[in-house]
Amino acid sequence: NVCRWLATKAEALGVEIYPGFAAAGLLYNDAGAVTGVVTGDMGVEKDGTHGPSFAPGMALMGKYVLIGEGARGSLAKQLIAKYKLADGREPAKFGIGLKELWQVKPENHKPGLVQHSFGWPLDMKTGGGSFLYHLEDNQVAVGFVVHLNYKNPYLSPFEEFQRFKTHPAIKGTFEGAKRIGYGARAITEGGWQSVPKLSFPGGVLMGCAAGFVNVPRIKGSHNAVLSGMLAAEHVAQAIAD
1 NVCRWLATKA EALGVEIYPG FAAAGLLYND AGAVTGVVTG DMGVEKDGTH GPSFAPGMAL
61 MGKYVLIGEG ARGSLAKQLI AKYKLADGRE PAKFGIGLKE LWQVKPENHK PGLVQHSFGW
121 PLDMKTGGGS FLYHLEDNQV AVGFVVHLNY KNPYLSPFEE FQRFKTHPAI KGTFEGAKRI
181 GYGARAITEG GWQSVPKLSF PGGVLMGCAA GFVNVPRIKG SHNAVLSGML AAEHVAQAIA
241 D
């Protein structure tokens, strides 16, 4: 909801947003600086052939290219390797975060309630934790994160997430409730010592693409927003100069 609201504000200022079109590749000039991205081809069949609705990817050019594609994004990986942005930094670390959105009974809804946990049901050698947020309209967002350095090959982050919801502290929240959405994504967990150099010829890394999650404080969104604001301010100044 926040992202959709922010999108309306951006579009009101003249920003063009292309939902559903992922950036598939980077474009460079002769000097080796990034000048844009190309979106993926649409309408490609499973065997790789062009279907009846095929449309080739579009080239989107810009004076600067700001990469904010989240953790372990394909473009950020290329840029970090090409420009050696991670040289001298600690290796990056990651976790897998699973999230569900539930419609709960009104009597089980406590708007504004925030619950965090660490550990259970994971064992003492596996790191991870949870979040549970009571939103508006009798909706609850619940999630579980497992650090991806776990040693047990039989461990299933998804199954641990399901076990977590049986804990007496939160079990009642889901009684008679309906799951209406779910998803999963990688999360950067390396901390400040793993953040690569942020700038490269033609652009910068922002948000989770740069590893701005503060794991001990369970915070990342505000860092992502602030990094985008700072990048925009510097780009505006560079263009003005």
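Sequential numbering of the sequence shown, starting at 1, is according to this note's numbering. Every residue, glycine too, gets a C-beta built ideally from N, C-alpha and C.
Residue pairing by DSSP puts T188 in a beta bridge opposite F94. For the region 156-229, the continuous beta strand (DSSP E) assignments of 3+ residues that do not extend past its boundaries occur at 178-188, 203-205, in sequence order.
In the structure shown, P52 falls within a strand segment according to DSSP collapsed to helix, strand and coil. About 31 Å separates the beta carbon of K105 from that of G220, a gap too long to meet the 8 Å contact definition. A Cβ-Cβ distance of about 18 Å is found for the pair P196 and G32, leaving them out of contact under the 8 Å criterion.
Within the same chain, Cβ atoms closer than 6 Å to the Cβ of L60 are found at G36, V37, the five residues on either side in sequence being excluded.
Secondary structure at T8: helix, using DSSP grouped into helix, strand and coil. A direct Cα-to-Cα measurement between T39 and V225 gives close to 24 Å. The Cβ neighbour count for V65, taken over all protein chains shown within 10 Å, is at least 16; the residue is labelled buried. Residue state for H234 is assigned as helix, using DSSP reduced to three classes. When the five nearest sequence neighbours on each side are left out, the beta carbons in the same chain lying within less than 7 Å of the beta carbon of L148 are those of F94, G95, I96, in order along the chain. Exposure of W5 is indicated by the presence of fewer than 16 other C-beta atoms within 10 angstroms of its C-beta.
Contact between the region 205-212 and the region 68-79 is established, with three or more Cβ pairs separated by less than 8 Å. Pairing H134 with H109 gives a Cβ-Cβ distance under 9 Å. Across the set A7, K84, K99, the C-alpha of K99 shows the shortest separation from the C-alpha of F158.
With fewer than 16 other Cβ atoms inside 10 Å of its own Cβ, G48 counts as exposed. In this structure the region 187-194 does not touch the region 161-174; the number of beta carbon pairs closer than 8 Å is below three. Judged by their CB atoms, S227 and E90 are not nearer to each other than the 9 Å cut-off. Between the C-alpha atoms of L101 and H234 there is a straight-line separation of about 37 Å. The closest CA to that of Q139, considering only N29, E107, G128, G119, is found on E107. L26 places its beta carbon less than 9 Å from that of L79. At least 9 Å separates the beta-carbon of S130 from that of G112. Contact annotation, A24 with G43: C-beta distance approximately 14 Å; criterion of less than 8 Å not satisfied. Annotation: L13 to V145 spans about 36 Å, alpha carbon to alpha carbon.
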